[in-house]
Amino acid sequence: MSGVRGSVELVDVTKRFGSMVAVDRLNLEVHPGEFLSLLGPSGCGKTTTLRMLAGFDQPDEGYIKISGEFVQGVPPYKRDVNTVFQHYALFPHMSVSENVAYGMRQKRVPKSEIAGRVAEALDMVKMSKLADRRPKQMSGGQQQRVAVARALVNRPSVLLLDEPLGALDRKLREEMQIELKLLQSQLGITFVFVTHDQEEAMGMSDRIAIMLDGHVEQLADSESVYERPASAFVAGFIGRNNFWKGTSTGHGVQASDGTVFVSSSPEERVAQGQPALAAIRPECIHLSATDPGSTTNVIPGTIAGVSHYGDVLQYVVRTAERDVISLLPRQGALRLAPGDQVWCHWEASEVYQFSADQADLVMAEPALEHI
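Position one of the sequence shown corresponds to residue 0 (numbering that gives the first Met the number 0), numbered consecutively onward.
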């Protein structure tokens with residue numbers, strides 16, 4: 000695979016800025032024609048990784064191959080990649096067509112070829128009718144399309160996208176997510192997409208590399224990272240989770256208040272007696288107005304907050320150990336109000352178990368004033 004056009008390979012790549020390690024012995028393979036997202040919080044190393052692929056930064060250790068070729072020391076303009084940035088960096092004094100043609104002129108592509116390739120690129124992004132406009136005469140979404148066309152017109156094997164939708168409002172952002180994914184599928188070009196937005200990554204990607212502290216915590220498709228998170232950080236970063244600290248009992252976790260979280264298939268086996276985390280997603284927390292009578296996987300509490308999200312109700316339940324978030328379909332759900340007593344309960348198959356090593360990353364309490 001490593002020699003196929005559009006493949007990307009990073010082996011033991013490390014990048015430092017002074018004493019700070021931005022990327023730490025990173026190993027990653029991107030398949031030809033794949034839409035792969037680098038996802039993670041600010042400072043996790045995703046943008047630095049993209050900049051090294053583009054050639055703007057060089058790794059201090061390890062190596063990078065693109066389409067089977069080593070690219071150390073190769074300047075950006077000589078790499079078979081193009082980059083789309085969050086701030087599109089269009090030339091304000093040039094028309095749409097001139098912006099798209101600029102890179103080809105720099106590479107001395109014959110004039111007889113430029114016009115046809117510009118027209119083709121603008122057609123791909125549905126901007127042919129605005130070919131003569133200047134950037135200031137266009138919306139943010141239209142400028143984003145021009146930036147993509149300018150990158151695609153050079154026919155790179157890999158397109159690098161650094162949070163290209165970050166400047167758009169929510170509705171336009173969602174529309175452009177669909178358009179970008181469809182465009183990538185039609186062209187078959189490898190996309191490496193940097194984002195901190197988990198929904199964006201989940202909806203667009205073939206696979207997601209979830210990064211933390213300069214390394215990849217998990218690399219998998221959207222369903223796998225949601226249903227089978229590799230660590231407590233991934234479980235908390237992708238979607239939402241309720242976490243409890245406790246001790247492994249060999250078949251689950253016993254929280255400090257004595258609550259037993261029985262897990263039928265824990266993701267990480269923690270040795271009996273060792274500090275552990277139990278995690279349950281909000282949509283798996285069921286609420287009852289009466290005590291279910293079980294001694295495991297049930298916690299009594301009081302409704303502290305209610306929020307309405309279209310077809311979903313969010314309840315915040317105050318329990319002895321911590322606040323619990325429950326997400327329930329509006330249809331058929333109990334109608335509960337602050338102050339009502341309830342019992343939270345869940346199935347053993349819905350309990351994740353992790354080492355407590357990442358407890359400080361995932362144990363933030365819900366902020367009631369924002370709910």
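C-beta: ideal position from N, C-alpha, C; glycine also.
Considering residue i, what are the terminal residues of the alpha helix (DSSP H) in which it resides?
i      : result
Thr48  : 45-53
Gln105 : 95-105
Tyr225 : 221-226
Phe232 : 231-236
Ile113 : 110-123
Glu8   : No alpha helix (DSSP H) contains Glu8, which is instead part of the beta strand (DSSP E) from 7-16.
Asp276 : Sequence inspection shows Leu at residue 276; the Asp mentioned does not correspond to that position. Premise fails: Leu276 lies in the beta strand (DSSP E), 274-279, not in any alpha helix (DSSP H).
Can you tell me where the beta strand (DSSP E) with residue i in it begins and where it stops?
i      : result
Ala21  : 19-29
Ser247 : 241-247
Ser325 : 322-328
Arg317 : 311-317
Glu162 : Element bounds for Glu162: n/a, residue is neither H nor E.
Ile207 : 206-211
Asp359 : Run containing Asp359: none in the beta strand (DSSP E); it sits in the alpha helix (DSSP H), 358-361.
Ala287 : Sequence inspection shows Ser at residue 287; the Ala mentioned does not correspond to that position. Per DSSP, Ser287 belongs to the beta strand (DSSP E) from 285-287.
With a threshold of 16 other CB atoms inside 10 Å of the CB of residue i, please say whether the residue is buried or exposed.
i      : result
Pro281 : buried
Glu394 : Because residue 394 is not part of the residues shown, which for the chain are 0 to 370, the question remains open.
Thr294 : exposed
Arg268 : exposed
Asn26  : exposed
Val7   : buried
Gln185 : exposed
Ser66  : buried
Glu112 : exposed
Val3   : exposed
Ser287 : exposed
Glu368 : Annotation note: pLDDT 37 at Glu368 (below 50); position unreliable, no value reported.
Ile177 : exposed
Glu175 : In the sequence as displayed, the identity of residue 175 is Met instead of Glu. Under this definition Met175 is a buried residue.
Lys45  : buried
Glu199 : buried
Ser41  : exposed
Would residue i pass as an interface residue toward chain C - the criterion being a Cβ-Cβ separation below 8 angstroms?
i      : result
Asp339 : This model lacks chain C altogether; it includes just one protein chain.
Comparing C-alpha positions only, which one of the options sits nearest to residue i?
i      : options                        : result
Ile279 : Arg169, Phe192, Phe353, His214 : Phe353
Thr47  : Val191, Gly338, Glu178, Gln183 : Val191
Val259 : Ala118, Ser156, Trp345         : Trp345
Gly72  : Asn81, Val80, Gln57, Lys64     : Gln57
Gly245 : Gln273, Arg107, Val117         : Gln273
Tyr225 : Ile207, His285, Ser255         : Ile207
His285 : Glu68, Arg104, Trp342, Arg169  : Trp342
Ser255 : Ala21, Trp243, Asp356, Ser262  : Trp243
Asp310 : Glu174, Lys110, Gln330, Val29  : Gln330
His92  : Arg133, Pro299, Leu121         : Arg133
Asp23  : Leu9, Lys128, Ser36            : Leu9
Met362 : Asp122, Ala150, Val20, Asn240  : Asn240
Excluding the 5 residues preceding and the 5 following residue i in the sequence, name in chain order all residues of the same chain whose CB lies nearer than 8 angstroms to its CB.
i      : result
Asp392 : With the chain running from 0 to 370 in the structure shown, residue 392 is simply not present.
Cys43  : Met210, Leu211, Asp212, Gly213
Gly32  : Gly5, Gly187, Ile188, Thr189
Thr289 : Trp342
If you drop the 5 nearest sequence neighbours on each side, which residues of the same chain put their C-beta closer than 7 angstroms to that of residue i?
i      : result
Ala423 : The shown model of the chain, from 0 to 370, leaves out residue 423, and the question about it has no answer.
Met126 : Val95, Gln141, Arg144, Val145, Ala148
Pro75  : Ala53, Gly54, Phe55
Ala366 : Below a pLDDT of 50, predicted positions are generally treated as unreliable, and Ala366, at 43, falls in that range; the measurement from the model is reported next regardless. So no residue of the chain qualifies.
Phe69  : Tyr62
Since residue i and residue j should fall inside the 8 angstroms C-beta cutoff, what is the C-beta to C-beta distance between them, to a whole number of angstroms?
i      : j      : result
Val152 : Gly102 : 7 angstroms
Ala275 : Val252 : 5 angstroms
Ala234 : Tyr351 : 6 angstroms
Gly79  : Ser156 : A quick correction: the sequence has Asp, not Gly, at residue 79. Yes, Asp79 and Ser156 are in contact; Cβ-Cβ is about 5 angstroms, under 8 angstroms.
Arg321 : Thr301 : Not really, about 13 angstroms apart at Cβ, beyond 8 angstroms.
Cys283 : Glu349 : 4 angstroms
Ignore the nearest five residues each way along the sequence and tell me which others in residue i's own chain have a CB closer than 6 angstroms to its CB.
i      : result
Gln271 : Ser247, Gly249
Leu160 : Val83, Phe192
Leu49  : Leu159, Asp161, Val193
Lys180 : Met203
Leu327 : Leu312
Leu374 : Here the chain has residues from 0 to 370 only, and residue 374 is not among them.
Ser264 : none
Pro299 : Trp342
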